[in-house]
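Trainee: Under this note's numbering, the sequence shown has 269 at position 229, and the numbering climbs by one with no breaks.
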Amino acid sequence: MTFAPRDIARHYLPHRTHYYYARSKFATDPLYRVVAEALIDTHRPLLDVGCGIGLLAHVLRGQGFTAAYSGVDVDSGKIRSATAAANRAGLQATQFREMDLSRDFPQHRGSVALLDIVQFLEPAAQDALLESALACLDTGAVLIMRTGLARPGWRLRFTRGVDWMARIARWMNVGPKAYPVREELEQRFARHGVQARFESLSGRLPFENWLIVAHHGEPSPIDRPDQGKGVPANSRQAVATQGLQS
Ligand SMILES: C[S@@+](CC[C@H](N)C(=O)[O-])C[C@H]1O[C@@H](n2cnc3c(N)ncnc32)[C@H](O)[C@@H]1O
41 MTFAPRDIAR HYLPHRTHYY YARSKFATDP LYRVVAEALI DTHRPLLDVG CGIGLLAHVL
101 RGQGFTAAYS GVDVDSGKIR SATAAANRAG LQATQFREMD LSRDFPQHRG SVALLDIVQF
161 LEPAAQDALL ESALACLDTG AVLIMRTGLA RPGWRLRFTR GVDWMARIAR WMNVGPKAYP
221 VREELEQRFA RHGVQARFES LSGRLPFENW LIVAHHGEPS PIDRPDQGKG VPANSRQAVA
281 TQGLQS
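(1) Let me confirm a value: Gln159 is counted as buried when at least 16 other C-beta atoms fall within 10 Å, else exposed. Which label applies?
(2) Give me every residue whose Cβ sits closer than 5 Å to any heavy atom of ligand 1, in chain order.
(3) Hey, which unbroken runs of the beta strand (DSSP E) at 3 residues or more fall wholly within the region 81-162?
(4) Indicate the three-state DSSP secondary structure (helix, strand or coil) for Val74 in the structure shown.
(5) Taking the alpha-carbon of Gly150 as reference, which of Thr179, Ala124, Thr42, Gly130 has the nearest alpha-carbon?
(6) Leu141 to Ala206, Cα distance in whole Å?
(7) Using 10 angstroms around the beta-carbon of Ser116, count the other beta-carbons present and answer buried if the total reaches 16, otherwise exposed.
(8) Whole angstroms are fine: how far does the CA of Ala230 sit from the CA of His58?
(9) Just the Cα atoms here: how many angstroms apart are Pro246 and Ile157?
(10) Alpha carbon to alpha carbon, how far is Trp204 from Arg73?
(11) How would you call Leu170, buried or exposed, if buried means at least 16 neighbouring beta carbons within 10 angstroms?
(12) Return the CA-CA distance between Val202 and Leu174, expressed in angstroms with no decimal places.
(13) Give a yes or no on contact between the region 99-115 and the region 124-138, applying the rule of three or more CB pairs nearer than 8 Å.
(14) Comparing alpha-carbon positions, which option in Ile80, Pro54, Gly104 lies nearest Ala122?
(15) What residue does the alpha helix (DSSP H) around Trp204 start on, and which one ends it?
(16) Measure the CB-CB distance between Leu79 and Ile184 and report whether it falls below 8 Å.
(17) Whose C-beta lies closer than 8 Å to the C-beta of Val99 among residues of the same chain, with five residues either side of it excluded?
(18) Between Asn213 and Lys118, what straight-line distance do the alpha-carbon atoms span, to the nearest angstrom?
(19) Applying the criterion that 16 or more other CB atoms from any shown protein chain within 10 Å of the CB defines a buried residue, is Pro216 buried or exposed?
(20) Between which two residues does the beta strand (DSSP E) harbouring Leu177 extend?
(21) Going by beta carbon distance, what residues of the same chain come within less than 6 Å of Ala254, once the five residues before and after it are set aside?
(22) Please name the residue in Phe145, Gln166, Gly94, Ala129 whose C-alpha comes closest to that of Arg120.
(23) How would you call Pro163, buried or exposed, if buried means at least 16 neighbouring beta carbons within 10 angstroms?
(24) Hey, quick one: how far does the alpha helix (DSSP H) through Ala190 stretch, first residue to last?
(25) Check each candidate in Glu248, His232, Phe198 and name the one with the smallest Cα separation from Val221.
Here it is in structure tokens:
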């Protein structure tokens, strides 16, 4: 199992912006490794909702995740870049598709990743997206989500500011709309009979970042006692280490 950030980034060339984005993202954000570690023992197809340029697909394949991967995003330029990079890397069973998730949701049964996406949708569209994502979950599937949570404090203000900077820099087509409320998410998960754990991913980073992993009641590989509950210890260490580097 390998994680080779520079090699992954090279697959985005000749798009230099995406090459440098990938390099800096891998250097400063432990997200993809944490998500890959949470998904590695799952075998259901994965839908990556708001996949961006598809970095998660490369990390998952490098870590040995073999189930089908499909990514959807509203940004046609990112989807083109994601497709080209996946082809250059020779990623198997990997596809990308342009889609506006505030209007549409793909047919899917299996796991769903929602990484840094929900806050860019209006609350009503967020509701619909979360309902659609939860309806995809079947036996052995997980919903994995990273998001800021709406609660008092400077971390959320910082996170909102960075999300706005991404819009101003034109990395994002839209600015942030609303951050989910933890209690509302918990109630939604309970209505679907889904168990969820929330884990702060902030570490030493100034972001209001939470990792949420949810699945139906039956035991899931990610909750196996030998792996410990939640994000593996080495990932927590990675969070701290990455925080020091950034
Ligand atoms: C902060 S990026 C996260 C990208 C990716 N999940 C990752 O973690 O690398 C948010 C992504 O959500 C996408 N997005 C925002 N609004 C969307 C919508 N209505 N439908 C589909 N994608 C959307 C953006 O284009 C962007 O790629």
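From the three backbone atoms N, C-alpha and C, an ideal C-beta is built for every residue, glycine too.
Mentor: On the basis of the coordinates in this document:
(1) buried
(2) Gly90, Gly92, Asp113, Val114, Asp115, Asp140, Leu141, Ser142, Leu155, Asp156, Ile157, Phe160
(3) 86-89, 109-113, 134-138, 151-155
(4) helix
(5) Thr179
(6) 19 Å
(7) exposed
(8) 39 Å
(9) 19 Å
(10) 25 Å
(11) buried
(12) 28 Å
(13) yes
(14) Pro54
(15) 194-208
(16) yes
(17) Phe43, Ile48, Tyr72, Arg73, Val75, Ala76
(18) 11 Å
(19) buried
(20) Taken as a continuous stretch (DSSP letters only), Leu177 belongs to no beta strand (DSSP E), as it is neither H nor E.
(21) Leu183, Phe229, Val234, Ala236
(22) Gly94
(23) exposed
(24) From DSSP, Ala190 is part of no alpha helix (DSSP H); its letter is neither H nor E.
(25) Glu248
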